[in-house]
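Below: one structure, written as structure tokens.
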Amino acid sequence: MATTLPRFELRSNRLHCQGHWTARHLASVATLIQRQRWPAGAIVIDLEGVARIDTAGAWVLERLRRSLVAAHHEVTFHKPSAEAEKLLELARTQGAESDQLPHGRRIGALEALGRQALESLRNALGLLDFIGDTSLAAVRLLIHPGRIRWREIAHALGEAGHKALPIVGLLAFLLGIVITYQGGVQLRLYGASIFVADLVGLSMLRELSPIITAIIVAGRTGSAYTAQIGTMKVTEEIDALRSIGIPPLELLVLPKLAALLIALPLLTVYADFMGVLGGMVMANVQLDLSYTTFIDRLQDAVSVKSYLVGVGKAPVFAVVIALIGCYQGFQVSGSAESVGRRTTISVVQSILAVIVIDALFSIAFSYLDI
2 MATTLPRFEL
12 RSNRLHCQGH
22 WTARHLASVA
32 TLIQRQRWPA
42 GAIVIDLEGV
52 ARIDTAGAWV
62 LERLRRSLVA
72 AHHEVTFHKP
82 SAEAEKLLEL
92 ARTQGAESDQ
102 LPHGRRIGAL
112 EALGRQALES
122 LRNALGLLDF
132 IGDTSLAAVR
142 LLIHPGRIRW
152 REIAHALGEA
162 GHKALPIVGL
172 LAFLLGIVIT
182 YQGGVQLRLY
192 GASIFVADLV
202 GLSMLRELSP
212 IITAIIVAGR
222 TGSAYTAQIG
232 TMKVTEEIDA
242 LRSIGIPPLE
252 LLVLPKLAAL
262 LIALPLLTVY
272 ADFMGVLGGM
282 VMANVQLDLS
292 YTTFIDRLQD
302 AVSVKSYLVG
312 VGKAPVFAVV
322 IALIGCYQGF
332 QVSGSAESVG
342 RRTTISVVQS
352 ILAVIVIDAL
362 FSIAFSYLDI
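Residue numbers (this note's numbering): 2 to 371.
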């Protein structure tokens, strides 16, 4: 073991180094060599006796050279091996002192706002680029329909469609009950209990069913898209697909997008039915309004146009949720922590986008008197 220990000895202006200058044995030498007193004039570091050296040993010697040069010594290395010469060159060109490294500092509010704005701009531009690539891939599939992956679409449709029926139906049913209970109390004060059918029908079919269904799908399906694609990127499966000539957009994005375009409008129709059913049950229990009376009033209150307005929002929400979920999946970078973070971002951005788009729809419909 003694022959492997790194040693040095200063004789006149020549530092003789011997042994194994590797990370395993450098703990004591690195400190002692920095405390050495040096004579005036040029210093020669003799590496002829160094049997082995790694990057840690090369960095110790490079730090020594830098400190001697800073003290106005001329420093040369004598007879380094080919390996030592390469490592010393690497340490010289790539090594950084601790005072040259970036130090943590407190970021001001204005700087933090600027960084967040730049990050948001980069994400927006990246999403636009992803939308463009996806659109081109969709056009290529329409030109060559034989490349459409029907099996993947059917699988994605099952995951996003019938498996979401229980949660969508339950929430829509309970939402109909809540609206009827809250609105019915006030309407009964004015002897207008019959108009609870107008309240439930218009609010559920035109606004609440599409948006509550989209929010559920964003949290349930959009996050699954991000997690699946992100995990594939971490395990380098996406790179493997590219290497064998399979475009990831055609296999991973477009089937999900097509499935959600089909599933979300159907889920919205189902939510419409369950919401109205919940309202009808609550109206019968609380207001003694018969089912026949409720349905007759509902037919008068809700027009086909109002119904189509609600269902027509669903495909737009589906495109937004699918694109954001898949885009965030492709932004995952190398770790499970990144998968979780991107999944969270996907859900937040999807829900925010759905709410903003719904508000824009409301403004447009009001302006167009729809």
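Ideal Cβ placement from N, Cα and C applies to all residues, glycine included.
In the DSSP assignment, Trp22 forms a beta bridge with Ile54. Boundaries around Arg12 are those of the beta strand (DSSP E), 8–12, since no alpha helix (DSSP H) includes it. Following the DSSP letters along the chain, one finds His156 inside the alpha helix (DSSP H) bounded by residues 151–161. Using a Cβ-Cβ distance cut-off of 8 Å, the stretch 180–188 and the stretch 310–323 are not in contact, since fewer than three pairs of beta carbons, one from each stretch, lie closer than that value. Three or more beta-carbon pairs drawn from the stretch 41–48 and the stretch 68–80 are found closer than 8 Å, and the two stretches are therefore classed as touching. Remark: C-beta atoms of Ser307 and Leu203 approach each other more closely than 9 Å. One thing to note: Ala138 has its Cβ no nearer than 9 Å to the Cβ of Ala260. Within the DSSP secondary-structure output, Thr77 pairs in a beta bridge with Val45. With contacts defined by Cβ atoms closer than 9 Å, Val312 and Thr269 form a contacting pair. For Val179, the enclosing alpha helix (DSSP H) stretches over residues 166–190. For Pro316, the enclosing alpha helix (DSSP H) begins and ends at 305–331. Counting of Cβ neighbours within 10 angstroms places Thr5 among the exposed residues, the total staying below 16. For the pair Thr135 and Ile144, the Cα-to-Cα distance works out to about 14 Å. Spatial neighbours of Arg148 in its own chain (CB-CB distance under 8 Å, excluding positions within 5 residues in sequence) are listed in chain order as Arg141, Leu142, Glu251. In the displayed model, Arg342 falls within a helix according to three-state DSSP.
Distance check between Ala59 and each of Leu176, Glu120, Gln95, Val286 places Gln95 closest, using alpha-carbon atoms only.
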